[in-house]
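Inspection log for the structure reproduced underneath, given as structure tokens.
Chains as they are written, first to last, in full-length UniProt numbering: chain B, 1 to 255; chain R, 1 to 255.
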């Protein structure tokens with residue numbers, strides 16, 4: 001294979017240490033183009049910009065090793081505009097992240113990181129979302145660099161199953177503490193939300209969404225189990241949301 | 001069953017004719033509370049508000065038949081804050097829509113309407129998203145009212161399979177032209193994006209996302225087939241995104 005063309009994006013914005021790490025890894029493997037949000041987009045899910053305009057700005061110098069653009073839109077917008085307006089072709093691979101914070105279990109649904117990966121998958125581009133279970137801006141990405149590189153190379157070598165992208169989550173551990181990589185299913189867990197009610201300086205009530213992650217899924221084949229037990233989790237993710245197993249039951253209804 | 005407590009929301013905002021229609025239908029079946037965005041949220045996917053605050057405003061008069069709140073957040077935020085701060089309990093049912101525009105096929109991923117329905121499903125609330133294949137603000141919802149009511153009543157009677165919500169799409173047809181209801185799978189279709197590049201009054205380039213919906217999935221079991229052939233489509237939708245069929249293949253990799 002010639003040097004692959006790799007699109008790198010994320011949801012924490014182009015200046016986040018996580019994407020800088022991912023760019024460093026991708027540079028060792030292929031030709032890298034970065035199109036990432038100009039501001040943080042956490043929790044954006046699979047939002048796209050339909051009622052507003054998009055701006056892109058090339059921020060790398062001409063002749064730089066890596067070409068970088070910021071985009072005013074969401075992570076999914078970044079992938080769409082990268083393919084259609086910047087590259088004018090499909091890249092060989094799309095990498096999203098490395099997110100500051102886990103996107104395991106139900107987080108996949110809220111995640112801007114994974115929405116970029118899924119958008120690339122919809123476009124037929126092999127695609128991986130990476131996340132580290134550490135929300136800190138100063139999270140240590142060093143321990144996971146070799147693992148990320150290995151996963152990327154294996155995707156390039158083997159190819160991904162059709163209409164499947166990877167959701168890779170790294171535990172917050174030292175390199176020697178990481179036990180390996182497990183292929184997993186998404187744990188059936190969710191948030192118990194709490195809203196923190198406050199009063200503005202002008203006397204008006206407002207809320208902050210917060211909450212606690214609750215996992216009652218004890219399965220040892222889940223991403224949550226893997227992460228808790230020192231493994232890197234890889235969940236194959238699909239964008240056919242049909243609950244095929246429910247079709248037969250619904251066909252018995254009186255509609 | 002006592003009169004069910006029904007939460008109604010949408011993504012086109014609380015003043016859209018589609019939600020007003022859905023409120024009218026829901027009133028015939030149960031006690032209705034409305035918590036809907038204060039501004040249009042189309043294309044918001046499963047976005048939630050994590051880096052900003054949320055405001056809610058009660059807009060109905062005390063003693064009104066239906067209690068209505070606007071929320072400054074996304075459709076998923078509306079469901080979270082309705083359950084946790086307004087109702088302080090799970091409603092018996094969540095209805096989202098009726099969206100002005102189809103949410104069939106891959107649109108389910110970008111849809112704010114469906115993200116509200118899915119969020120309710122995650123919370124364990126039986127939930128249905130409704131959409132009409134007509135983007136017009138003046139779309140005619142009359143032909144579909146009886147069908148929507150029938151579907152809601154059947155969900156209340158039969159219950160939904162666990163971790164499944166319904167994505168209901170209505171064709172843009174006269175009542176006598178609608179042939180019936182089909183349980184479907186999500187068609188494997190996507191958008192061929194185009195970006196419309198323009199120049200601002202200040203000389204800066206900007207883009208509008210547009211594009212054409214392309215369906216190469218000829219399956220007669222798909223939502224697209226049903227809608228094109230005069231049927232209402234119901235796709236059971238799940239939020240376990242695991243591509244379970246891919247796990248075995250990935251386990252053969254050298255990781």
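Positions of the beta carbon are idealized from the N, C-alpha and C atoms, including for glycine.
Excluding the 5 residues flanking it on each side, residue 15 of chain R has no same chain C-beta neighbour closer than 8 Å. For residue 85 of chain B, the closest Cβ of chain R is nearer than 7 Å. Just measuring C-alpha positions, the residue of R:161, R:101 and R:26 sitting nearest residue 246 of chain B is R:161. Taking 7 Å as the upper bound on Cβ-Cβ separation, chain B lies near no residue of the segment 220-231 of chain R. With the criterion set as a beta carbon lying under 9 Å from some beta carbon of chain R, the members of the segment 62-94 of chain B are 72, 73, 74, 76, 77, 80, 81, 83, 84 and 85, in sequence order. Residue 199 of chain R sits exposed, since fewer than 16 C-beta atoms from the chains shown fall within 10 Å of its C-beta.
Put simply, the CB of residue 168 of chain B is far from chain R, with every gap to its CB atoms at 7 Å or more. The alpha helix (DSSP H) runs lying completely inside the segment 141-202 of chain B and spanning 4 residues or more are 145-158, given in chain order. Only those residues of the segment 38-52 of chain B whose C-beta falls short of 8 Å from the nearest C-beta of chain R are listed: 40, 42, 43, 44, 45, 46, 47, 48, 49, 50 and 51. In this structure residue 46 of chain B is buried. Its beta-carbon is surrounded by 16 or more other beta-carbon atoms within 10 angstroms. At a cut-off of 7 Å between beta carbons, residue 246 of chain R contacts chain B. DSSP lists B:167 as the beta-bridge partner residues of residue 235 of chain B. Listed along chain R are 150, 151, 154 and 181, each with a C-beta nearer than 7 Å to that of residue 255 of chain B. Chain-order list of chain B residues neighbouring residue 161 of chain R: 243, 245, 246, 249 and 250, by C-beta distance under 9 Å.
Under the Cβ distance rule, residue 55 of chain R counts among the residues neighbouring chain B, one pair being separated by less than 7 Å.
Within chain R, the C-beta atoms nearer than 7 Å to that of residue 115 of chain B come from 45, in chain order. Boundaries of the alpha helix (DSSP H) around residue 17 of chain B: 17-27. Residue 73 of chain R is a Cβ neighbour of residue 54 of chain R, given a cutoff of 7 Å.
Note that the C-beta distance between residue 32 of chain B and residue 9 of chain B is not below 7 Å. The straight-line gap separating the alpha-carbon atoms of residue 211 of chain R and residue 202 of chain R is approximately 26 Å. In this structure the segment 49-67 of chain R does not lie against the segment 87-97 of chain R, because fewer than three pairs of beta carbons, one per stretch, are closer than 8 Å. Its Cα nearest to that of residue 173 of chain R, the residue R:230 stands out among R:230, R:185 and R:145. Taking a cut-off of 8 Å for Cβ pairs, the segment 149-168 of chain B and the segment 121-138 of chain B touch, as three or more such pairs fall below it. Annotation for residue 214 of chain B: 189, 190, 191 and 192 place their beta carbon closer than 8 Å to its own, counting only its chain and skipping 5 residues before and after. CA-to-CA, the gap between residue 181 of chain B and residue 184 of chain R works out to about 36 Å. The Cβ of residue 109 of chain B sits closer than 7 Å to at least one Cβ of chain R.
A Cβ of chain B is located within less than 7 Å of the beta carbon of residue 208 of chain R.
Going by DSSP, residue 108 of chain B is part of the alpha helix (DSSP H) stretching over 107-110. Nearest neighbour of residue 223 of chain B by Cα position, chosen from B:103, B:111 and B:146, turns out to be B:103.
Nearest CB-CB separation between residue 20 of chain B and chain R: not below the 7 Å threshold. In this structure residue 12 of chain R touches residue 40 of chain R by the C-beta definition: roughly 6 Å separates them, less than 8 Å.
Here the C-alpha atom of residue 50 of chain B lies approximately 6 Å from the C-alpha atom of residue 43 of chain R. Around the CB of residue 83 of chain R, 16 or more other CB atoms lie within 10 Å, so the residue is classed as buried. By the 16-neighbour rule on beta-carbons within 10 angstroms, residue 195 of chain R is buried. For the 7 Å CB-CB criterion, residue 171 of chain R and residue 250 of chain R do not form a contact. Proximity of chain R to residue 213 of chain B at the Cβ level (cut-off 8 Å) is not reached, the minimal Cβ distance being about 12 Å.
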